[in-house]
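Once you know that position 4 of the sequence shown is 4 in UniProt numbering, the rest is easy, because the numbers rise by one and skip nothing.
Every residue gets a Cβ at the ideal spot worked out from N, C-alpha and C, and that includes glycine.
Because the structure is a prediction, the values reported are computed rather than measured.
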Amino acid sequence: MALLEWNDRLSVNIREIDDQHKKLVDMVNRLHTAMKEGKADALAMPMVAEMKKYAASHFATEERHMKTHGYPDYTAHKAEHDKFVAKVIAVEKDLKSGKCAMSMDILNFLSNWLVNHIKGTDKKYSPFLNKAGVV
Numbered sequence: 001m002a003l004l005e006w007n008d009r010l011s012v013n014i015r016e017i018d019d020q021h022k023k024l025v026d027m028v029n030r031l032h033t034a035m036k037e038g039k040a041d042a043l044a045m046p047m048v049a050e051m052k053k054y055a056a057s058h059f060a061t062e063e064r065h066m067k068t069h070g071y072p073d074y075t076a077h078k079a080e081h082d083k084f085v086a087k088v089i090a091v092e093k094d095l096k097s098g099k100c101a102m103s104m105d106i107l108n109f110l111s112n113w114l115v116n117h118i119k120g121t122d123k124k125y126s127p128f129l130n131k132a133g134v135v
């Protein structure tokens with residue numbers, strides 16, 4: 001069973017962003033599967049690196065739409081993205097140095113942050129961008 005299940009409550013009603021969110025959900029689920037199968041040590045670094053790279057690309061998409069259409073909470077939203085990227089960089093550094101191993105704490109952080117960010121912060125821009133014609 002997947003750790004996270006995509007459902008309509010996670011949709012921001014913007015196809016491009018929903019598709020990117022689905023990919024991020026899939027990445028969390030793949031990492032969870034690797035942990036359950038005892039493969040996290042071998043796969044954690046490449047998967048965290050992939051997630052960091054993809055999240056940055058995804059954040060750039062959201063930020064581009066927000067800037068283009070003058071979303072009023074852009075600065076606060078971008079700050080959340082920046083904090084997440086900093087946290088993932090710190091986790092990646094700790095994994096590389098052996099300071100920590102991939103754990104359920106890290107996986108829970110990733111999955112909880114993603115769901116809470118989508119349901120909270122991302123849902124706030126959805127009506128604004130939809131009204132501006134971004135669907």
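Practice prompt. Using alpha carbons as the reference points, say which of Asn7, Phe84, Leu95 lies closest to Lys53.
Written response: The option with the nearest alpha carbon to Lys53 is Phe84.
Discussion item. With distance defined between alpha-carbon atoms, name the residue in Ser11, His65, Ala49, Ala2 nearest to His117.
Written reply: From the listed residues Ser11, His65, Ala49, Ala2, the smallest Cα separation to His117 is found for Ser11.
Discussion item. For residue 146 and Val91, what's the separation of their Cα atoms in angstroms?
Written reply: The structure shown does not extend to residue 146, since the chain is modelled only from 1 to 135, so the question has no answer here.
Worksheet item: Within the chosen definition, does the stretch 87-102 reach the stretch 59-76 through at least 3 CB pairs nearer than 8 Å?
Response: Output reads no: the stretch 59-76 does not touch the stretch 87-102.
Item to complete: Taking all protein chains shown into account, decide if Val135 is buried (16 or more other Cβ within 10 angstroms of its Cβ) or exposed.
Response: The C-beta of Val135 has fewer than 16 other C-beta atoms within 10 Å across all chains shown, which makes the residue exposed.
Fill in: Neighbour-count burial assignment, Ser111, 16 or more Cβ in a 10 Å radius
With 16 or more Cβ atoms within 10 Å of its Cβ, Ser111 is classed as buried.
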